[in-house]
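Residue numbers (this note's numbering), protein chains in the order written: chain R, 690 to 1027; chain X, 690 to 1027.
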C-alpha cells in the first residue's frame, strides 16, 4: 500500500469540516480501504466461513461433539446461525467453504466444496496434514480471492467453523510467538478446568512431537494447523495479491492471517483486525501482525461474526469520506491558532 | 429495568445454537434493549444534536471561532456534516435542537427552536446561567423524549455542537468526580500547550468562583454547564422515564448524562455509552455512571457521531436475538461435559 496515496487521502480528509483527526480510526479505515482498492465505496461484500474437522478432538479438548461441525455448516446454509444474522445486518453475503469437514455435503447454494480431507489427523500423534495438503488448503483460499476480484467483491471477511479449532490455533500462536502454551491457552467454547489443563498438555506435546519450524509457515500449518485455517491463510494472501481489504475475524481467523503474514509480511497492510477476542492468545498474534482490533465486545464465537460487525464500521468510514463537506463547501470557518 | 426480565431474555439467548455467552456484549445490548422497550426491533431511531454557545470562549479556550456553532448547525440541516453521514449509515434521523446558539435561525425542517438564550454567560466571571434557565433546558430535553415515545422512536442518540463546550463539560466532570481539573482537561478540538494551560486555569477559577454544589446537579448545570448539556441531560432523564434506551455519545453528551444520573441514579440502566472518547475526563464520568463504552475508535468529534455507530451495533444485537436458531430448531448438538 503506497504511503503517498495514504497521505493524499488523509489530506483530503483533513479539509473536511471537522477538527483534524477527530474521526480517529474511521479515518484510518477509509484511508487504507481507498489506498488498497482505489474505490470509495463497497459494491459487494462477503464473509467466507471456512469449515474443517480436527483429529485432535479425540484428545477431549472441546466442549462440543465433532458432529457439530457439519450440523453448523447446514445451519449456515439454512441462514439460521449468528453469522447469517450479523452478515444480514451489514448487507454481506455468507459463503461456506468445506475445507475438511468429516461429512459428505451435497452441492448447495452458498457452499463451496473444497474438501482437502475428512478432517486433519490428530496432531498429538503426528502431523495434522501433509505438506501437500497444507499447500492445497492455501491455494484454495488464494483462488477464492481471485474469484472475488472478478465478481466485484470489494471487501472480504474471514470466518471459521470447526469443533476443536482453538487447539490448533493456539499451537500456531505458540509456534510463531514463542510464548508458552500455558499462557496462550483459553477455554475455547467453554471447557472446564480439567479439560483446560488437558488441552495445554496436548498442545505442548503436539508441538514437541512435531517440532514445526516457525521460519517455514507452511510447515507450521501442516504440523499443527487445520484445513480451515489454511483456507483462511490463503484467502488473506490472495486478497493482498488482488488488492482486496480483508477483515480478519477472531482467534482462529487470526491464526490463519498470522500464517499468511509470516509467509509474506506485505499482507499486513491489507488486514483489518475485526475485534479483540476473549481468547487470550489472540492479542499476541495481533501484535505480531501489527494490526489493532477494531472492536472489543468480549465475543468468542468465530464464524466471521466479529468481521461482519467490523465491515459495517469500515463502510461507515467510507460514507464519512464521501459525504462530509469541506470547510469551504460547507461555509464553515477553520481552526484558529490559540 | 427488571432483573427478572433481563434473566428471562438471557435464558432465551442461552438456548440459541452457539456457546453460551459467546456473543459477549451483543447479548447485553439485546437484553437491555428488550427489557427496556418490550420490543425486539427498532422502528425508528433518531440522533438529537443539541447546540449552544458558551460565554467562556471569550477566555480563549477553543481552537475554533464562535461563529462555527451556527455554521455547523446549518451544515447539519443541509446534511453535509459527519453526523449526517454516520446517521445515514445506520438509518437514523438527525434532529438539531437549538438550545442556545448565538444566532437567529429561521424555522427549518429538522430543527427544533428551543433557544433558552443566545449563549451562556462566561462562567469564569459568574454563573453560566440562572437556575431557572437550567430547569428550562432540562425540561426541553424531557419533552423531546416524550415526543419520541409518541412518534415510535425506539432508540435515541444524543449529540452536541457548541464551540467551547469541552470547557463546561470538564468543569462538570470535576464537580462530580472530585478529580483535579489538570487531570481531566484535554485539548478539545485541538488547542496548543499554552491554550491548554489557560483552559485549566479558567476551569479551576470558574469552579472556585461559582462553587457548584455536586449534591444539587441543577446547581452544577447552572453554574458551569451549557444549554446543550442541559438539553442532553433532560433527554436522558426523559428517555428513562419513557422507557427509551438512550445512546450517549462522547464527552459533552456524557457530561449531560452524568447530570441526569446524579439527579436520578435509576437512569443509568437506560444509558448505552457509545464510545470511549479521546478526551481524558470522559472515562472518569463513564465510571461514575457505571456504563462501559461500546466502541473505542479514538474519536473526539461529538455531534452524536459515536452514538450513531453504536446504534448500528445495538440493532445488530437485536437481529442476532431474533434470527439465531435454537439448538433444537437448528438440529445442532449441545455442549458436552468435559
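We put the CB at the ideal spot given by N, CA and C, even for glycine.
For the segment 711 to 731 of chain X, the beta-carbon criterion of a distance under 8 Å to any beta-carbon of chain R is satisfied by 711, 712, 713, 714 and 715. Against chain X, a Cβ distance below 7 Å from residue 1002 of chain R picks out 998.
The three-state reading of DSSP puts residue 964 of chain R in strand, counting E and B together. DSSP lists R:737 as the beta-bridge partner residues of residue 784 of chain R. Between residue 713 of chain R and residue 812 of chain R, the C-beta spacing is not below 7 Å. Here residue 947 of chain X really is in contact with residue 977 of chain X; their C-beta atoms are around 6 Å apart, less than 8 Å. Within chain R, the residues whose beta carbon sits less than 7 Å from that of residue 761 of chain X are 1021, listed in sequence order.
In this structure, the CA atom of residue 920 of chain X is about 16 Å from the CA atom of residue 762 of chain X. Contact of residue 988 of chain R with chain X by beta-carbon distance below 9 Å involves 711, 712, 713, 714 and 715. Proximity of residue 755 of chain X to chain R, defined by a Cβ-Cβ separation below 7 Å, is not satisfied. Beta-bridge pairing by DSSP links residue 797 of chain X to no other residue.
By the CB criterion at 7 Å, residue 836 of chain X and residue 731 of chain X fall outside the cutoff.
Secondary structure note for residue 702 of chain X: it is in no beta strand (DSSP E), and the uninterrupted alpha helix (DSSP H) holding it is 692 to 703.
At least one CB atom of chain X sits nearer than 7 Å to the CB of residue 775 of chain R. Neighbours of residue 878 of chain R across chain X, judged by C-beta separation under 8 Å: 708, 711 and 1024. The alpha helix (DSSP H) runs lying completely inside the segment 865 to 905 of chain X and spanning 4 residues or more are 870 to 873 and 882 to 899, given in chain order. Proximity of residue 981 of chain R to chain X, defined by a Cβ-Cβ separation below 7 Å, is not satisfied. In the three-state reduction of the DSSP assignment, residue 845 of chain R falls in the strand class, which pools E and B.
Taking residue 758 of chain X as the centre and dropping the five residues before and after it, the same chain places the C-beta of 740, 741, 742, 790, 791, 792, 850, 851 and 852 closer than 8 Å to its C-beta, in chain order. By the 16-neighbour rule on beta-carbons within 10 angstroms, residue 795 of chain R is exposed. Put simply, the backbone Cα of residue 810 of chain X is about 37 Å away from that of residue 700 of chain R. In the structure shown, the three-state DSSP call for residue 829 of chain R is helix. In this structure residue 751 of chain X does not touch residue 943 of chain X by the C-beta definition: roughly 19 Å separates them, more than the 8 Å allowed. Counting the other CB atoms within 10 Å of its CB gives residue 860 of chain R a total of 16 or more, which places it among the buried residues.
Residue 1016 of chain X places its beta carbon less than 7 Å from that of residue 706 of chain X. Of all residues in the segment 928 to 951 of chain X, none has a C-beta nearer than 7 Å to a C-beta of chain R. For the segment 844 to 878 of chain R, the residues whose beta carbon sits under 9 Å from a beta carbon of chain X are, in order, 877 and 878. For residue 769 of chain X, the chain R residues whose Cβ falls inside 8 Å of its Cβ are 706, 1012, 1013, 1014, 1018 and 1019, in order along the chain. In its chain, beyond the 5 residues on either side, 805 have a beta carbon closer than 6 Å to the beta carbon of residue 822 of chain R. Put simply, the segment 892 to 911 of chain R does not touch the segment 955 to 972 of chain R. Fewer than three CB pairs are less than 8 Å apart. Rounded to whole angstroms, the gap between the alpha carbons of residue 893 of chain X and residue 870 of chain X is 6 Å.
Taking a contact to require three or more Cβ pairs closer than 8 Å, the segment 985 to 998 of chain R and the segment 713 to 722 of chain X qualify as touching. Here residue 1015 of chain X carries a strand assignment [DSSP, helix/strand/coil].
As DSSP reads the structure, residue 850 of chain X sits in a beta bridge with X:740. Contact with chain X is absent for residue 886 of chain R, since none of that chain's Cβ atoms lies less than 7 Å from the residue's Cβ. Taking CB atoms only, residue 764 of chain X has a neighbour in chain R less than 7 Å away.
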